[in-house]
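Sequential numbering of the sequence shown, starting at 271, is according to this note's numbering.
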Amino acid sequence: MTKAKPLTDITPEQLVAGIREWVSLETPPNDVPRLLEFAELAAHQARQAGLAVELIPVNNTLQPLVRIRANSAGNQNSEQAVLVLAHYDTVHPVGTTERNRVRIESDKLFGPGTYDMKAGAYLALQAMAALYRERQPARPVELLLVPDEESGSRLSRATIEKFARNAAFTLVAEPARTGGHCVTSRKGTGEIRMTAIGVPSHAGTDHAKGRSAIREIAHQALALDAMTNYDEGLTLNVGRIDGGTNRNVVPERASLIADFRVVTQAQAERLLAAVKALTPVIDGVRLEIEANINRPPFERSPHVQALFERAQRVARATGFDLGEVPLTGGGSDGNFTAAFGVPTLDGLGAEGDGAHTLHEHIVVSTLPLRLQFLHGLLRDLAWDSAVV
Ligand SMILES: [Zn+2]
């Protein structure tokens with residue numbers, strides 16, 4: 271493999287200006303007018319680069335998923351695409367840019383959603399545009415800009431999965447990890463909701479007749495908590511408990527919400543079965559249990575390993591060593607594609623720090639290298655190593 275050609279048609283200054291513009295448009299979850307405004311800007315820029323664009327309202331809402339496509343020379347719909355995933359929503363509420371200006375200090379570009387992940391999304395678009403300008407790819411390259419990833423992609427999931435079914439590879443432009451490392455596995459995430467229904471009574475005159483839902487839910491919270499197994503990478507967190515009405519009433523209802531993280535699908539199934547088999551500890555109390563997996567585990571399969579090694583070769587040709595981080599507890603849209611068996615590599619976006627905080631930033635000087643790497647990787651995959 272020869273050294274990748276440096277990009278000549280976008281300067282570092284243009285790159286920074288483009289990211290600043292994207293960050294300045296705030297995109298909090300479920301804010302339809304702002305999400306639409308952003309989607310239209312990204313769509314306009316992609317069309318200007320000669321790429322095909324479609325705004326897809328997800329799950330019958332007005333929130334658009336932006337599908338950007340560099341068609342292959344053959345332009346066959348049956349061709350398996352290189353799928354690139356990014357999201358353009360952020361966790362930050364409107365007004366964050368007023369309190370926390372988008373600004374550069376020394377080598378850092380600060381702003382809400384810079385690192386997670388407007389910069390990665392912008393790099394992906396520019397890498398794709400650069401590839402397309404150079405030569406029409408041998409297999410289509412498709413970028414999906416997702417509007418609701420920070421809310422678990424509940425609305426977009428079906429659309430993402432539809433395109434993932436026809437993908438040869440998936441690259442996820444979520445934030446790169448320290449040292450520019452990528453992500454090759456992520457835990458699966460799930461949710462448990464449990465309600466206990468007891469028997470209310472007067473806490474003074476009829477205490478013995480009551481069946482306390484709070485007492486029951488406390489037992490269940492401890493049972494769930496005890497399912498955590500750090501050695502197996504399985505965690506369970508009871509994150510919220512509600513219940514009761516007043517000090518002097520034996521409570522009729524109490525409920526809890528828990529989050530769980532698993533390493534493998536088999537582990538998820540065992541855990542779900544154990545949770546659904548829980549029974550009331552107190553006689554006369556009824557339990558309602560809902561337990562589901564939101565994002566399946568992204569397991570480091572041999573396909574993922576092979577894609578990682580390919581990316582390492584491209585990184586070396588670009589001028590750096592690509593490492594991987596150990597299994598991470600946070601999910602991404604890569605979990606959906608990896609669960610289909612599509613070779614998936616994640617954490618390919620910008621370098622920086624402080625995701626989801628007010629000190630969120632990217633490292634400006636690393637942007638050209640990250641763009642060159644992404645461009646090289648797309649070129650490698652879109653041409654099946656024929657041209658690099
Ligand atoms: Zn993200």
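All C-beta atoms in this analysis are idealised placements derived from N, C-alpha and C, irrespective of residue type, glycine included.
Between ligand 1 and residue 423, a heavy atom-to-CB distance of less than 7 Å is absent. Going by C-alpha positions, residue 560 is about 15 Å away from residue 493. Pairing residue 455 with residue 570, the inter-Cα distance amounts to about 5 Å. The Cβ atoms of residue 505 and residue 540 lie no closer than 8 Å to each other. In the displayed model, residue 398 falls within a helix according to three-state DSSP. For the pair residue 302 and residue 333, the Cα-to-Cα distance works out to about 6 Å. Summarising the contact set, residues whose Cβ lies nearer than 6 Å to any heavy atom of ligand 1 are, in chain order, 357, 386, 387, 419, 444. When the beta-carbon positions are compared, residue 313 and residue 336 come within less than 8 Å of each other.
In the three-state scheme derived from DSSP, where H, G and I count as helix and E and B as strand, residue 425 is classed as coil.
Only residues of its own chain outside the window of five on either side were considered, and among them 445, 625 have a CB closer than 6 Å to the CB of residue 386, listed in chain order.
The C-alpha of residue 544 is placed about 14 Å away from the C-alpha of residue 550. Taking the Cβ atoms as the reference, residue 486 lies roughly 6 Å from residue 468, within the contact range of under 8 Å.
Assigned with DSSP and collapsed to three states, residue 300 falls in coil, not helix or strand. Positions of the beta strand (DSSP E) runs, each at least 3 residues long and wholly inside the segment 303–341, are given as 322–327, 334–340 in order along the chain. DSSP, reduced to helix, strand and coil, places residue 626 outside both helices and strands of the structure shown, so it counts as coil.
Going by C-alpha positions, residue 620 is about 38 Å away from residue 511. Across the structure, residue 514 and residue 373 are spaced so that their CA atoms are roughly 48 Å apart. The continuous alpha helix (DSSP H) containing residue 546 extends over residues 535–546.
Between the C-alpha atoms of residue 519 and residue 353 there is a straight-line separation of about 57 Å. With a cutoff of 8 Å on beta-carbon distance, residue 417 and residue 364 are scored as not near each other.
Taken through DSSP and simplified to helix, strand or coil, residue 286 comes out as helix. Positions of the alpha helix (DSSP H) runs, each at least 4 residues long and wholly inside the segment 401–488, are given as 427–434 in order along the chain. Counting C-beta atoms within 10 angstroms of its own C-beta, residue 554 has fewer than 16 neighbours from the protein chains shown and is therefore classed as exposed. By the criterion of a C-beta distance shorter than 6 Å, residue 282 is surrounded in its chain by 638, once the five residues flanking it on both sides are discounted.
Using a Cβ distance threshold of 8 Å, residue 521 and residue 552 do not count as a contacting pair.
Beta-bridge analysis with DSSP links residue 526 to 464, 511.
Nearest Cα to residue 426 within the set 647, 462, 641, 606: 606.
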